Amino acid sequence: MSLYVALTGLKGAQSSLSVTSNNIANANSIGFKRSTTEFGDLVANSGLAGATGGTGTVLKGTSQQFEQGIIESTGNTFDLAVNGQGFFAIRPSLNGTDVSYTRAGAFDLDKNGFVVGSSGQYLLGYPVGPDGTTTTKSAQSLLPLRLPDSSGEAIASTQLSLAVNLSSKGSVIPDEPRFASTGYQFDPTNPLTYNNTTSATLFDSEGNPQTAQVYYTRTKAPDADDPTSSWTVNITIDGKEVAAADGNPIEFQFDSLGNKTAPTGPIQLAAHDPANGAAPMNLTFDPGEATVQKQDIFSVRSVAQDGVPPGRLDGVSVDETGLVTAGFSNGTSQAIGRIAVVNFANPQELAQQGNATYRATGGSGDPVYLEPGEDGAGGVLSGSIERANVDLTEELVQLITAQRNFQANAKTIETDNAMAQSILSIRG
Numbered sequence: 054m055s056l057y058v059a060l061t062g063l064k065g066a067q068s069s070l071s072v073t074s075n076n077i078a079n080a081n082s083i084g085f086k087r088s089t090t091e092f093g094d095l096v097a098n099s100g101l102a103g104a105t106g107g108t109g110t111v112l113k114g115t116s117q118q119f120e121q122g123i124i125e126s127t128g129n130t131f132d133l134a135v136n137g138q139g140f141f142a143i144r145p146s147l148n149g150t151d152v153s154y155t156r157a158g159a160f161d162l163d164k165n166g167f168v169v170g171s172s173g174q175y176l177l178g179y180p181v182g183p184d185g186t187t188t189t190k191s192a193q194s195l196l197p198l199r200l201p202d203s204s205g206e207a208i209a210s211t212q213l214s215l216a217v218n219l220s221s222k223g224s225v226i227p228d229e230p231r232f233a234s235t236g237y238q239f240d241p242t243n244p245l246t247y248n249n250t251t252s253a254t255l256f257d258s259e260g261n262p263q264t265a266q267v268y269y270t271r272t273k274a275p276d277a278d279d280p281t282s283s284w285t286v287n288i289t290i291d292g293k294e295v296a297a298a299d300g301n302p303i304e305f306q307f308d309s310l311g312n313k314t315a316p317t318g319p320i321q322l323a324a325h326d327p328a329n330g331a332a333p334m335n336l337t338f339d340p341g342e343a344t345v346q347k348q349d350i351f352s353v354r355s356v357a358q359d360g361v362p363p364g365r366l367d368g369v370s371v372d373e374t375g376l377v378t379a380g381f382s383n384g385t386s387q388a389i390g391r392i393a394v395v396n397f398a399n400p401q402e403l404a405q406q407g408n409a410t411y412r413a414t415g416g417s418g419d420p421v422y423l424e425p426g427e428d429g430a431g432g433v434l435s436g437s438i439e440r441a442n443v444d445l446t447e448e449l450v451q452l453i454t455a456q457r458n459f460q461a462n463a464k465t466i467e468t469d470n471a472m473a474q475s476i477l478s479i480r481g
């Protein structure tokens, strides 16, 4: 009997050695979780009351240990780590329905802009609204995270702010002798019909540039009876004149010190229809308080508009809540999605699939899909990876222990064999 008892000990030592060797071999594997062996004793029942005897040991199972591994900074945006409990959800194929789970967060972008793992698995996340709020959160709503393959959305200009200094010595154009017989008529193609002009680039709804040209014509200079000054402003966008929405002329009034007294706020312009078929542009024109008439030379003091052209992808960020945001060269940003974190009631019962990935089983419980940081789920750290939770010192001790157990059980077999030989010798 002792021979067979020792044999179970040898098998147990071999199992422990295999598990320990696997832990050591994966000490540098990202997201790897070490395993431990669990043994139980075997007992033989003779059928007599109280007459039982030990018959060796048996491997009850191998258990994964999911304590946190060391988190190491890498600087790569798509190196991700779950700081706490939970797993990333991944999909082996783009159009498949199977979902696996991992803590190995060494992700990158493929040629189509999808966030993928080292073996090509697609990282899954929840759809979000423009403000970054998760719109739906369930297994059915999970989508492969993908960065836009096109540029950032264009934003049409709605505001033109243009502050200038108008020359206090400017002539009153309509009073010039050249117009005495024909009468004065503003003509943007004739520089003799205005004092000064400047331009600004606007953007239509398609992101195409539209040139706004602003013309300033002095219509009244100060005199002994009235120290104020007046100017008329004409605006064209891509050569088409745009008037005020109320149909009244756009006029600037200045006091004797050259400070603007009118208009006192922005002026709504009539809608402009771009020739390229983009949506109508509805603009306000704001000269601001900085528009004055104080120096001899015309100058632009400030110019600003709120439209933006399309831009190329310029950067990506992932915050602790898992929100993935793309930034574009035009200064805009776009929320792409939120990385899902998945918890299980009993993660030790997850089935290993290799490459530090797992699938759910009846023993693990159903996956609970959460946002990072929600209901006990860990947060997401970008630019970091989680190393294996293998302690080499501890594993080497286990290795030596397994070796000693193997040797001891082998010695039992050797002793049993020697005893058997001795008995045979006596009988002989």
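Under the working numbering, the first residue of the sequence shown is numbered 54, with each subsequent residue one higher.
Ideal Cβ placement from N, Cα and C applies to all residues, glycine included.
Computed from a predicted structure; not experimentally measured.
Among the options, which has the Cα closest to the Cα of residue i?
{"i": "D132", "options": "V421, E373, A430, T61", "result": "E373"}
{"i": "T150", "options": "R156, L176, K164, T465", "result": "L176"}
{"i": "T246", "options": "T289, P227, A398, V371", "result": "P227"}
{"i": "R391", "options": "T89, P319, E467, P183", "result": "P183"}
{"i": "L403", "options": "A379, R156, V111, I124", "result": "R156"}
{"i": "A298", "options": "F232, Q321, L477", "result": "Q321"}
{"i": "G318", "options": "Q118, T344, P327", "result": "T344"}
{"i": "S382", "options": "V169, G205, S437", "result": "G205"}
{"i": "P362", "options": "N249, G260, K293", "result": "G260"}
{"i": "T337", "options": "A296, L196, K64, G166", "result": "A296"}
{"i": "L196", "options": "N148, E229, Q474", "result": "N148"}
{"i": "D161", "options": "V371, R412, Q117", "result": "V371"}
{"i": "S116", "options": "N335, Q401, T127, T272", "result": "Q401"}
{"i": "S352", "options": "K164, T251, Q121, T127", "result": "T251"}
{"i": "D291", "options": "A134, T264, I438, T61", "result": "T264"}
{"i": "E229", "options": "T188, L112, T272", "result": "T272"}
{"i": "P145", "options": "Q348, R457, G407", "result": "G407"}
{"i": "T410", "options": "S126, I83, K113, T61", "result": "I83"}
{"i": "T289", "options": "I303, A461, Y237, N312", "result": "I303"}
{"i": "T61", "options": "P262, G418, L112", "result": "L112"}
{"i": "L63", "options": "N458, A471, I479", "result": "N458"}
{"i": "Q121", "options": "R440, I453, A315, I479", "result": "R440"}
{"i": "F119", "options": "F397, S153, G341", "result": "F397"}
Suppose the cutoff is 7 Å on Cβ atoms and the five residues either side in sequence are ignored; what does the same chain contact list for residue i look like?
{"i": "S194", "result": "Y179, P180"}
{"i": "Y422", "result": "K190, S191, A192, A393, V395"}
{"i": "I350", "result": "S220"}
{"i": "N129", "result": "G436"}
{"i": "K293", "result": "H325"}
{"i": "A455", "result": "A66, S69, L70, T73"}
{"i": "R354", "result": "A216, V217, N218, A343"}
{"i": "T188", "result": "P180, V181, G182"}
{"i": "T414", "result": "E402, L403, A404"}
Buried or exposed for residue i, going by 16 or more other Cβ atoms inside 10 Å?
{"i": "R365", "result": "exposed"}
{"i": "N81", "result": "exposed"}
{"i": "I143", "result": "buried"}
{"i": "K464", "result": "exposed"}
{"i": "G170", "result": "buried"}
{"i": "V468", "result": "Just to set this straight, residue 468 is Thr in the shown sequence, not Val. Exposed, because fewer than 16 other Cβ atoms sit within 10 Å of the Cβ of T468."}
{"i": "A233", "result": "exposed"}
{"i": "E91", "result": "exposed"}
{"i": "K86", "result": "buried"}
{"i": "I399", "result": "What sits at residue 399 in the sequence shown is Asn, not Ile. The residue is exposed, with fewer than 16 neighbouring Cβ atoms inside 10 Å."}
{"i": "K313", "result": "buried"}
{"i": "T110", "result": "buried"}
{"i": "Q460", "result": "exposed"}
{"i": "I438", "result": "buried"}
Ordered along the chain, which non-local residues of its own chain (more than five positions away) have a Cβ less than 8 Å from that of residue i?
{"i": "L477", "result": "none"}
{"i": "G185", "result": "L376, T378, A388, R391"}
{"i": "P201", "result": "G166, L366, A379, Q387, I389"}
{"i": "P275", "result": "T281, S282, S309"}
{"i": "D485", "result": "Look at the range of the chain in this structure, 54 to 481, and you will see that residue 485 is not part of it."}
{"i": "V225", "result": "R271, T272, K273, A274"}
{"i": "E424", "result": "Y179, T187, K190, T374, G375, R391, A393, V394, A430"}
Enumerate in chain order the residues of its own chain whose CB-to-CB distance from residue i is below 6 Å, with the five nearest sequence positions on each side excluded.
{"i": "R199", "result": "G166, F167"}
{"i": "V369", "result": "T130, A379"}
{"i": "A473", "result": "none"}
{"i": "N335", "result": "A324"}
{"i": "V356", "result": "L215, A253"}
Can you find a C-beta in chain B that's less than 8 Å from the C-beta of residue i?
{"i": "S258", "result": "In summary, chain B is missing from the structure at hand, where a single protein chain is found."}
| message | Suppose only complete runs of 3+ residues qualify. What are the beta strand (DSSP E) ranges in the stretch 290-329, listed by chain order? | response | 293-295, 303-307, 313-315
| task | Decide if the stretch 210-217 is in contact with the stretch 434-447; the criterion is three or more beta carbon pairs, one per stretch, under 8 Å apart. | result | no
| query | Pairing CB atoms from the stretch 254-269 with CB atoms from the stretch 195-211, are three or more of them under 8 Å? | reply | In the pairwise beta carbon analysis, the stretch 254-269 is classified as touching the stretch 195-211: at least three pairs are separated by under 8 Å.
| Okay, do the stretch 426-436 and the stretch 138-150 touch, 3+ Cβ pairs below 8 Å being the bar? | yes
| Along the chain, which unbroken stretches of the alpha helix (DSSP H) at least 4 residues long are found entirely within the stretch 366-402? | none
| query | Are there three or more Cβ pairs, one per stretch, closer than 8 Å when the stretch 449-457 is compared with the stretch 65-80? | reply | yes
| task | Check whether the stretch 259-277 touches the stretch 235-251, counting contact only when three or more Cβ pairs, one atom from each stretch, lie closer than 8 Å. | result | yes
| On the three-pair Cβ rule with 8 Å, is the stretch 324-336 touching the stretch 161-177? | no
| Enumerated in chain order, which unbroken segments of the beta strand (DSSP E) with a length of 3 residues or greater are wholly contained in the stretch 118-199? | 124-126, 133-136, 140-144, 153-155, 175-179
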